[in-house]
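To keep things clear, I will list the structure first and then write my remarks on it.
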Amino acid sequence: MLNSEKIGNEFYQNLGKLFYAVAMADNNVRPKEVERLRKYVRQFWLDVDDFEDEFHTDSAYQIEIVFDWLESEEKDGDDYFKEFEEFYNEHPEKFSDKLKKLIVETAESIASSFAGKNKSEMLIIFKLKKLFNH
């Protein structure tokens, strides 16, 4: 069980990296994007499973925690997309079709939350869809 909980936490941490990469695609994370991420975590991600972190908090909050931490790091979002891609390729069984759909919907919602999707955000979402369909 602990191993699956560890993978569960890593799963959400990698989603935090992915969603940060989407928000950072245009080199600027906007408050609207952060707000949209938090809304999606509370509306959709908390109900995905029963995993908890070591503090007995729903593991889905790892998405927000990692996202916030990455904001302070000020690195390029492409690196974080690559880390998500590596995690996906190592654990494809963790990604059901239903989860992939929710991941894409969350990414698209973050991207369109501020003045619609721009070219760089559309590109990263295309890369995500391509990753899920190979």
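For the sequence shown, this note's numbering begins at -1 and goes up steadily by one.
Every residue gets a Cβ at the ideal spot worked out from N, C-alpha and C, and that includes glycine.
Note that this is a predicted model, so its numbers are computed, not measured.
Residue environment, residue i, which counts as buried when at least 16 other CB atoms sit within 10 Å
i, result
"LEU161", "Here the chain has residues from -1 to 132 only, and residue 161 is not among them."
"GLN60", "buried"
"SER57", "buried"
Continuous alpha helix (DSSP H) stretch holding residue i: start and end
i, result
"MET120", "117 to 131"
"GLU84", "75 to 88"
"GLU72", "Looking at the DSSP string, GLU72 is not in any alpha helix (DSSP H), and its letter there is neither H nor E."
Three-state secondary structure assigned by DSSP to residue i
i, result
"ASP95", "helix"
"SER107", "helix"
"ASN7", "helix"
"ARG40", "helix"
"ASN26", "coil"
"GLU17", "It should be pointed out that residue 17 corresponds to Phe in this sequence rather than to Glu. Here PHE17 sits in helix by DSSP."
"PHE65", "helix"
Between the segment 22 to 32 and the segment 85 to 105, can you find at least three pairs of beta-carbon atoms closer than 8 Å? no
Determine contact between the segment 66 to 85 and the segment 33 to 44, defined as no fewer than three beta-carbon pairs at a distance below 8 Å. no
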